[in-house]
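With full-length UniProt numbering as the guide, the letters of the sequence shown map in order to residues 1 to 365. Note that CB positions come from ideal geometry on N, CA and C, so glycine has one too. Contents: one structure, followed by commentary.
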Amino acid sequence: MPRARRDSGRSPGSTTRRSRTRSSTRYAGASTPWPELRSRGSVDPANAGDGTRPGRDGTVRLGDRVFGGLAKGSGITLLLIMAAIAVFLTIRAVVAISRDEGNFLTTFEWDANSHPPVFGIAVLLFGTVVSSLIAIVLAMPVAVGIALFISHYAPRRLAAPIGYLVDLLAAVPSIVYGLWGALYLVPRLTGFYEWLDHLFGWTGILSYNGTPARSLMSVGILLAIMILPIITSVTREIFRQTPRAHQEAALALGATRWEVITTTVLPFGRSGIISATMLGLGRALGETMAVATVLSPSFLINASLLESGGGTFAQNIASQFKEATSMGRDALIASGLVLFVLTLLVNGAARLIIARRREYAGNAG
Numbered sequence: 001m002p003r004a005r006r007d008s009g010r011s012p013g014s015t016t017r018r019s020r021t022r023s024s025t026r027y028a029g030a031s032t033p034w035p036e037l038r039s040r041g042s043v044d045p046a047n048a049g050d051g052t053r054p055g056r057d058g059t060v061r062l063g064d065r066v067f068g069g070l071a072k073g074s075g076i077t078l079l080l081i082m083a084a085i086a087v088f089l090t091i092r093a094v095v096a097i098s099r100d101e102g103n104f105l106t107t108f109e110w111d112a113n114s115h116p117p118v119f120g121i122a123v124l125l126f127g128t129v130v131s132s133l134i135a136i137v138l139a140m141p142v143a144v145g146i147a148l149f150i151s152h153y154a155p156r157r158l159a160a161p162i163g164y165l166v167d168l169l170a171a172v173p174s175i176v177y178g179l180w181g182a183l184y185l186v187p188r189l190t191g192f193y194e195w196l197d198h199l200f201g202w203t204g205i206l207s208y209n210g211t212p213a214r215s216l217m218s219v220g221i222l223l224a225i226m227i228l229p230i231i232t233s234v235t236r237e238i239f240r241q242t243p244r245a246h247q248e249a250a251l252a253l254g255a256t257r258w259e260v261i262t263t264t265v266l267p268f269g270r271s272g273i274i275s276a277t278m279l280g281l282g283r284a285l286g287e288t289m290a291v292a293t294v295l296s297p298s299f300l301i302n303a304s305l306l307e308s309g310g311g312t313f314a315q316n317i318a319s320q321f322k323e324a325t326s327m328g329r330d331a332l333i334a335s336g337l338v339l340f341v342l343t344l345l346v347n348g349a350a351r352l353i354i355a356r357r358r359e360y361a362g363n364a365g
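Printed below as a string of structure tokens:
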């Protein structure tokens, strides 16, 4: 009874204040890690990204330390390899360019074995860029269509074999593509080129004089076939990662399958499509054997893409390196440096585009 009187004498406000004080003290203590837990394996945020994790006694395990060291070493090794390649190409290129009697960027001639040497990359740069762009323009829409068919239209029994066939085509050696292109594709493009000349020959770009179709257009078509599996495989995996909830929400609103693809799948996979396209473009820029087998090289820029002639960096290096003199090899290495820089610029531009799209998407969200 005395205790009951004491409790009854307390005001409701004081009881509420005491309960609030105890609750705030309890939550404040919970927000601060206990010393024994802190010593048992909490990770220091400052060291959370170094690839190591402390054990129960606060020390880093040997396996984590070894794995972290190997991971760091792999990254450093990659940077060192890239730096070594860039330094080697630059040193040899400077030697060649300093002795060049022509303009390295604008000369339409390649006679690096003469005295004095005269060589330029104008024809090679034009042929490399044009053939690669033709390949991308032809391959990207077809690759996106195949990826959409495999991921959203084809039955599972049909999607699996088609996906396997696409992956198999990506593993075919380039020399096989080159032989197939030279012996089968090029002879059958003659009629197609005559048809293009009949319709668009007045433009000059698509005029055809009846010579064998060993032209930049033929190279671009062959490169499109070669990079098609690469773009398709990457794009297919990106489309499969589209959130299921987004697609079901669009269907619930009455959207058709095509509207679901245009409103959810394609916007979600846009960055992936760009990445896949740039990956295919990098393959097309550096392709060697297939181009050397199909193209009829000449140091001349033709107004028509259907006429024989032209050249690319990789094709010129492969065809002349074996018989080149010391000066000629330095000149070829200089052209290789330009191809190296061109590839880096393409990949850098792709990453910049993807980063900006992600930033825009984040701000929009």
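For the options Gly282, Ser151, Ala292, the alpha carbon positioned closest to that of Ala350 is the one of Gly282. Collapsing the DSSP output to three states places Phe119 in a strand.
Going by DSSP, Lys72 is part of the alpha helix (DSSP H) stretching over 62-99. For the pair Thr256 and Thr262, the Cα-to-Cα distance works out to about 10 Å.
Contact between Leu295 and Ala314 is ruled out by a C-beta separation of about 11 Å, above the 8 Å threshold. A distance below 7 Å between beta-carbons, with the five flanking residues on each side excluded, links Arg157 to no residue of its chain. The C-alpha of Ala331 is placed about 16 Å away from the C-alpha of Val341. Excluding its 5 nearest sequence neighbours in each direction, Ala170 has C-beta neighbours in its own chain below 8 Å: Pro229, Ile230, Ser233, listed in chain order. In its chain, beyond the 5 residues on either side, Ala224 have a beta carbon closer than 6 Å to the beta carbon of Leu138. In terms of CA proximity to Ile333, Val87 leads the group Val87, Arg65, Leu196, Leu78. Looking at the backbone, the Cα of Leu89 and that of Ala83 are separated by about 10 Å. Every alpha helix (DSSP H) of 4 residues or more that sits fully in the stretch 149-212 is shown, in chain order, as 156-170, 174-180, 186-200. DSSP places Ile225 in the uninterrupted alpha helix (DSSP H) bounded by 216-240. Taking all protein chains in view, the Cβ of Ala160 is surrounded by fewer than 16 other Cβ atoms within 10 Å, so the residue is classified as exposed. For His115, the closest C-alpha among the options Arg356, Leu345, Met327, Asn347 is that of Met327.
The beta carbons of Leu183 and Leu222 sit no closer together than 8 Å.
By the neighbour-count definition (other C-beta atoms within 10 Å, threshold 16), Ala303 is an exposed residue. Secondary structure at Gly282: helix, using DSSP grouped into helix, strand and coil. Non-local beta-carbon contacts of Gly181 in its own chain, meaning distances under 6 Å to residues more than five positions away in sequence, involve Leu222, Val294 in chain order. Here the stretch 265-279 makes no contact with the stretch 185-196; the two share fewer than three CB pairs at distances below 8 Å.
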